[in-house]
Amino acid sequence: MYVIKKPGWAMPERSATPEHLVVNRRHAMGLAAGGVALAALPKPAAASDFLAELYPAPRNERFVLDRPLTDESVATSYNNFYEFGSHKQIARAAQRLQLEPWEVVIDGLVEREIRLDAADLIRRFDLEERLYRLRCVEAWAMAVPWTGFPLKDLVAFAKPLGGAKYLRMETFLDPSMAPGQRQFWYPWPYVEGLTMAEATNELSFIATGMYGRPIPRQNGAPLRLAVPWKYGFKSIKSIRRFTFTAERPLSFWEELQGSEYGFWANVNPEVPHPRWSQAEERMIGTDEMIPTQLFNGYGEFVAHLYEGMADERLFM
Ligand code: MTE
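Numbering-wise (our numbering), the sequence shown opens with residue 5 and increments by one.
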């Protein structure tokens, strides 16, 4: 993610090399991600062994891909997880994430507040594997086999009250574990939100594993959101709190730079980011350029959610 607002003494954006140039330079050096390139990436950190006995889970064949899966070593070593650094090679640093104990809080407009350990929460649901695309707002993409459970199952377990209109999700907050959280100009903790209709849509998924194993820390252990029709920043990692609320949550990137990263963030190739085109995406690992699709190709599942909402900034 590229942000403009930073304190005056932070490195100005013009001094930072834009990601696409770094990637091109790697290309020139024969080090691009994929093939030989992997040698240049940090060695993928070991998958976590959190609830390892639950994997692999049966695949739900309803969700099909139009492209090959991204190589596991690429998907687990090219990450956005600002809590561990504002660059892509955070996999090693993220191994400091302590998964036990991991209390999950479900609160706000619910029949009663629930606090339980992530392991106990995950064991309540039937896990399944789904092949999903992920399209980052930075115009790179991957295709991943997530394991987890539908978010609507968690919503049913939470028993929200009638007044709940949104689900707000929050990542852990622990600057001693996550050095990025000492960068005070970011509005920690990371927050994301969905409407109740989005949260209970069949595509909304809580991933607890990937590639048939527990999800690695750098990809958002022990539980992260996967909403494949939205830009990747909506897919919040390492969730600690689910809050049902009547007010639309202010998400991390929206608070930081609302003119570029909005609440809805639905993928649309025809609506450029203010500073780059969204017409195409680069598959990490192969560098193949693929035309981007409206709702990232998931319109049949979600287009109806946005009917009659033309006044909203649905696509940024
Ligand atoms: N969640 C948290 N807590 N912190 C983050 O920095 N980055 C987001 C999203 N979830 C992020 C996060 C962005 S910008 C993207 S593209 C995806 O995670 C990347 O997921 P991946 O590293 O598994 O590919």
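Each residue gets a CB set at the ideal place from its N, CA and C atoms; glycine is no exception.
Model, not experiment: these values are computed from the prediction.
A Cβ-Cβ contact shorter than 8 Å links F246 with M173. Distances between the C-beta of M320 and the heavy atoms of the ligand MTE are all 7 Å or more. Burial check for P278: the Cβ neighbour count within 10 Å stays below 16, so the residue is exposed. Contact between the stretch 197-215 and the stretch 228-242 is present: 3 or more CB-CB pairs across the two stretches fall below 8 Å.
Here G312 is exposed. Its C-beta has fewer than 16 other C-beta atoms within 10 Å. The beta carbon of I118 is closer than 6 Å to those of I110 in its chain, skipping five residues each way along the sequence. Residue burial is scored here from C-beta neighbours: W192 has at least 16 other C-beta atoms within 10 angstroms and is therefore classed as buried. Distances from the CB of Y194 to the heavy atoms of the ligand MTE include at least one below 7 Å.
Secondary-structure assignment with DSSP links I243 through a beta bridge to T175.
Here the stretch 190-204 makes no contact with the stretch 270-290; the two share fewer than three CB pairs at distances below 8 Å. Secondary structure of E259 (DSSP, three-state): helix.
For N270, the secondary structure class from DSSP, reduced to helix, strand or coil, is strand. Under DSSP, V114 takes part in a beta bridge, and its partners are P164. Leaving aside the five residues that flank R127 on each side, the residues in its chain whose CB is nearer than 8 Å to its CB run, in chain order, L55 and L58. Per DSSP, P220 has no beta bridge partner at all. Separation of F319 and G266 (C-alpha to C-alpha, rounded to the nearest whole angstrom) is 8 Å. With the rule of 3 Cβ pairs closer than 8 Å, the stretch 159-173 does not count as touching the stretch 61-81. Pairwise C-beta distances place the stretch 294-304 in contact with the stretch 133-148, as three or more of them are shorter than 8 Å.
When the five nearest sequence neighbours on each side are left out, the beta carbons in the same chain lying within less than 6 Å of the beta carbon of Y82 are those of K92 and I288, in order along the chain. Taken from the Cβ of S255, every heavy atom of the ligand MTE lies 7 Å or farther away.
For Y235, the secondary structure class from DSSP, reduced to helix, strand or coil, is coil.
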